[in-house]
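Going by our numbering, 25 is the number at position 25 of the sequence shown; the sequence numbering is gapless.
Just so it is clear, CB atoms sit at the ideal spot from N, CA and C, and this is done for glycine as well.
To start, the structure under review is shown below, and the notes come after it.
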Amino acid sequence: MRAVTFQAPGEVRVEERPEPELLTEDDAIVRVEATGICGSDLHIYHGRVQIEPGFTIGHEFVGTVTAAGPGVSRAAEGDRVLGCYCSACGECFFCERGEFHKCDEGRVFGHGKTLGSLQGAQAESVLVPHANLTLRRVPEGMSDDAALFAGDVMGTGFHAIETTGLKPGGTAAVLGLGPVGLCAVQAALAAGAEKVIAVDSVDERLRMAESFGATPVHLTGEDPRAAVKAATEGRGVDVTVDAVGHPDAFDMACRMTRKAGTVSAIGVYAERMEVHMGVIWIKALTIRTGHANVIKHVDTVLQKMNAGELDPTPLVTHHMKLAEAPEAYAIYDRHEALKIVMEP
Ligand SMILES: [Zn+2]
Ligand SMILES: [Zn+2]
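Right, here's the structure in full:
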């Protein structure tokens, strides 16, 4: 089968790889019909996240189950399914508490040895461990484009809002309108937010957030903090999502959130950074961090997508073939696409 492999920073290749085989009784094999390129794939592409050359990348997929071990009860051969970006064992201390994203045995598709040596989904077939937790049947009538968001990007946008306890009638700001930020905008509105202020410096992304129902504010052309003040009688928003993962964004989030409000840092942080603890403490802010517990949220997210409350399909800007992966990565790297979906 063909698979997209990482070679060196700036270089991916489409290579022949052996067909995956079932290894344990709760494994399944999925023939991939659509697979997305994600911002985290770009970290690998740039060499910021290091993986072994020749490793198959990708972690967003929709397809059909072609084989399932005897322990797989929630999906069967022939089912159309979507995958979560990671697997979890379902039995450890963390899984028992529903913290599937912190599973002791957790593995992320397509991220090399450091995240569990699980070959990626940008391939014609993918081996899925713990299929009962990792896979879900795609609801009748849902497109591939929509479904592949449920197991990663929409699940992450949803998590960013869900963990803040945003209430109907509340207010939110979202900093950074990449795919996760745009999904967080939708999740905030679906949670009943009365006002969502969406901040970025790319006009197209601001327009898309506006089309979802948010108030767009240009990061440098306008004054985001003033816009938040004006929209909240000077108080600040109940919830701010930092979907950037940069100290400046985090600082802005702390400043535009109201007293006793919540900052949700869903953007990726890996380094030490300085925070103004005085601001956080005096305002009694709650800070939520970490990557998303997608396995926990995936059923709710699918339900809301099925009901039309969440709809990630406008985010898909490009459809390409798996064989065109090197070009697809180059396009994504040049920020010419919001979401590229590849089909084998
Ligand atoms: Zn991703
Ligand atoms: Zn576990």
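Check: What are the boundary residues of the alpha helix (DSSP H) that includes glycine 157?; Outcome: 153-162
Check: Pick helix, strand or coil for glycine 36, following the three-state DSSP scheme.; Outcome: strand
Check: Could you name the residues that DSSP lists as bridge partners for methionine 320?; Outcome: Met342
Check: Confirm the yes/no value for this check: CB of alanine 88, any heavy atom of ligand 2, distance under 7 Å.; Outcome: yes
Check: Assign proline 224 to buried or exposed, taking buried as 16 or more other Cβ atoms, counted over all protein chains shown, within 10 Å of its Cβ.; Outcome: buried
Check: Please list the segments of the beta strand (DSSP E) lying wholly inside the stretch 52-100, counting only runs of 3 or more residues, in order along the chain.; Outcome: 60-68 and 80-83
Check: Counting pairs of Cβ atoms below 8 Å between the stretch 25-43 and the stretch 68-79, do you hit three or more?; Outcome: yes
Check: Mind checking whether the beta-carbon of serine 40 lies closer than 7 Å to any heavy atom of ligand 1?; Outcome: yes
Check: Nearest CA to the CA of leucine 302: which residue from Ala243, Val138 and Val237?; Outcome: Val138
Check: Flag this pair as yes or no: are the beta carbons of threonine 66 and arginine 31 separated by less than 8 Å?; Outcome: yes
Check: Just verifying my parser: in three-state terms, what is the DSSP assignment at proline 9?; Outcome: coil
Check: Tell me the start and end of each unbroken alpha helix (DSSP H) in the stretch 150-220 that is at least 4 residues and wholly inside, in chain order.; Outcome: 153-162, 179-190 and 203-212
Check: Can the beta-carbon of serine 87 be found closer than 8 Å to that of glutamate 19?; Outcome: no
Check: Below 8 Å on the Cβ atoms is my guess for valine 12 versus isoleucine 57; work out the distance and round it to an integer in Å.; Outcome: 7 Å
Check: Got a sec, what are the start and stop residues for the alpha helix (DSSP H) valine 294 sits in?; Outcome: 294-306
Check: Mind checking who valine 241 pairs with in its DSSP beta bridge?; Outcome: Val174 and Ser264
Check: Looking at valine 279 and leucine 166, is the spacing between their C-beta atoms short of 8 Å?; Outcome: no
Check: How many Å lie between valine 241 and glycine 90 at the Cα?; Outcome: 29 Å
Check: Rounded to whole angstroms, how far is the Cβ of isoleucine 266 from the Cβ of valine 228, which I believe are closer than 8 Å?; Outcome: Going by Cβ atoms, the distance from isoleucine 266 to valine 228 rounds to 18 Å, so no, they are not a contact pair.
Check: From the DSSP secondary-structure annotation, give me the bridge partner or partners of valine 14.; Outcome: Val4
Check: Return yes when the Cβ of glutamate 15 is within less than 8 Å of the Cβ of threonine 5, no when it is not.; Outcome: yes
Check: Should glutamate 194 be counted as a contact of ligand 2 given a C-beta to heavy atom distance under 7 Å?; Outcome: no
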